Structures are given as C-alpha cells and as structure tokens.
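Working notes, structure below.
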Amino acid sequence: MANIEGRNPIIEALKSDRAIDKLMISNTSKEGSINKIIGMAKEKNIVIQYVDKHKLDEISTSHSHQGVIAVVSDYKYYELEDLLEVARERGEDPFFIILDEITDPHNLGTIIRTADAVGAHGVIIPKRRSVHITSVVAKASAGAVEYVPVCKVTNITNTIKQLKKEGLWIAAADMDGGVFYEQNLTGPLALVIGSEGFGVSRLVKQNCDFVVKMPMIGNVSSLNASVAGGILLYEIFRQRMKKD
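Numbered according to the working numbering, the sequence shown spans residues 2 to 245.
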C-alpha cells in the first residue's frame with residue numbers, strides 16, 4: 002500500500018478515479034478544501050476515518066499532509082507501448098521525457114507536473130538508481146502524477162534504441178550541445194534529462210541523436226534538474242504549438 006498526501010494531490014486523485022482504500026482526515030480540519038474532499042469521497046463511497054493530527058504526522062513522509070492522507074494501492078507503472086498509444090489516441094507526435102537516474106523526489110514530482118502542463122505523453126525512468134513514485138513525488142507533482150503516465154524500464158539505452166525504431170528523435174540536455182532555442186524540437190521527440198550530480202551518462206548521451214544546452218553567464222555552471230527540464234520542455238511546447 003501507499004499514501005497520497007496533501008489536499009490538491011488527493012483532489013486530483015479523486016477526480017481521476019484512482020482507487021482509494023480510505024481517507025484519513027484530521028479531526029480538527031473541517032474548513033475549505035477539506036469539505037470538498039469529504040464531499041467527493043462520500044459520493045464515491047470511500048471510507049473516511051477521522052484521526053488525531055499527531056497520527057497523520059507519524060504516517061506522513063512528505064511532512065506536508067495538510068490534514069489529510071489517502072491510503073491507496075501502489076502506483077501502477079505503464080509500459081512503453083502504453084505511452085506510444087497515448088500519443089496515437091491524441092493524434093499527436095510522441096513527446097516523452099526520459100530521466101537518467103534522477104534521485105530527488107521533488108525533482109521527479111516537479112518534472113511530472115511540468116510534463117502535464119506541456120502536454121507530454123509520458124515520463125520514462127530507470128528501475129535502478131532512480132527515485133520512484135512515492136507520496137513525496139505525488140505531493141510535489143500537485144496531483145499531476147494521476148494524469149501523466151510514468152514508465153519504469155530496465156535499461157535507458159535500450160529504450161532509446163526502441164524509441165528510435167518508432168520514429169522518435171532523442172535529444173540530451175547537456176552543456177556540450179547546441180543552444181536549445183536554435184534547435185528544431187518539433188516532431189516525434191524524447192528529451193533526456195540527466196541526474197542532479199552527474200548529468201546525462203556517457204553511454205546514454207552517445208545513443209542520443211543530438212544534444213541541447215542552455216547558455217548561462219552567471220557564476221553557477223548548472224541548473225537544478227527540474228528547473229532545466231522546465232525551461233527545455235516549454236521550448237519544445239512553444240515550437241510544437243507554433244508548428245500547429
């Protein structure tokens with residue numbers, strides 16, 4: 002079992018018909034969006050358990066439960082074919098984000114939130130040496146994890162090769178590439194974002210079609226993974242919208 006914590010993530014889970022076993026609500030939280038959550042839960046016949054706030058504090062892993070925790074089944078990861086099918090159903094060129102060993106749950110959650118905002122069809126993460134979907138990730142995504150398919154794969158390099166066979170171009174975000182806004186980022190595309198400390202691994206980068214960079218003139222030589230990802234994803238979004 003797993004938990005979803007916080008008001009907005011739980012509201013989105015309720016909207017998306019995620020299977021929720023029960024809600025645990027602080028017996029002192031009875032205002033605003035808590036009433037909305039209670040109403041939605043009653044409509045779906047979800048068990049509501051009122052508990053002391055200290056009980057929620059003990060259970061919480063995000064340390065920001067906002068008076069409510071939903072007990073749910075573990076996140077169901079998607080297959081790569083599922084992500085491709087999402088693009089087909091929308092009649093759009095595939096648009097994926099590949100995360101090469103991202104280990105910070107806040108970064109993963111924020112990238113999933115941005116992926117939802119720009120209309121990406123899915124996020125791909127490795128099974129090993131990577132953070133997976135947790136309550137902290139779900140909270141950081143502000144509920145977007147309920148809408149963006151996340152695929153967990155054994156080998157990122159093999160996945161890139163498979164996506165190439167499906168007609169996708171693969172771009173890596175790194176500092177030795179072309180300036181990102183001067184590159185053609187339209188069409189079937191997957192963007193690879195590297196880990197917080199080491200960037201995109203050598204073998205993964207070698208298998209990408211091209212590399213994009215963000216020029217910087219400050220004293221710090223790199224950006225947080227989710228910030229860099231957000232900038233690049235919005236440029237892809239801008240170019241795709243302009244093309245349409």
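Idealized CB from N, CA, C, for every residue including glycine. Note that the coordinates shown come from a computational prediction; the quantities given were computed from them, not determined experimentally.
Look at Q50 here: in three-state DSSP terms it is strand.
Look at the region 95-165 and you find these whole runs of beta strand (DSSP E), each 3 residues long or longer: 96-101, 123-127, 151-154.
Contact between G7 and I98 is ruled out by a C-beta separation of about 23 Å, above the 8 Å threshold. Taking C-beta separations shorter than 8 Å and ignoring five residues to either side along the sequence, the partners of T135 in its chain run A3, T62, P106, following chain order. Contact between G188 and W170 holds, with the beta-carbon distance rounding to 6 Å and staying under 8 Å.
In the same chain as V52, and ignoring 5 residues on each side of it, the C-beta atoms closer than 8 Å to its own belong to M25, I26, S27, N28, in chain order.
In the displayed model, A20 falls within coil according to three-state DSSP, outside both helix and strand. Proximity to L15 across A71, E32, Y235, H64 peaks at A71, based on C-alpha coordinates. DSSP, read as helix, strand or coil, puts I26 in strand. Annotation for Q184: V213 place their beta carbon closer than 6 Å to its own, counting only its chain and skipping 5 residues before and after. Exclusion of the five residues before and after V154 leaves L81, I125, I126, P127, K128, T160 as the residues of its chain whose Cβ lies within less than 8 Å of its Cβ.
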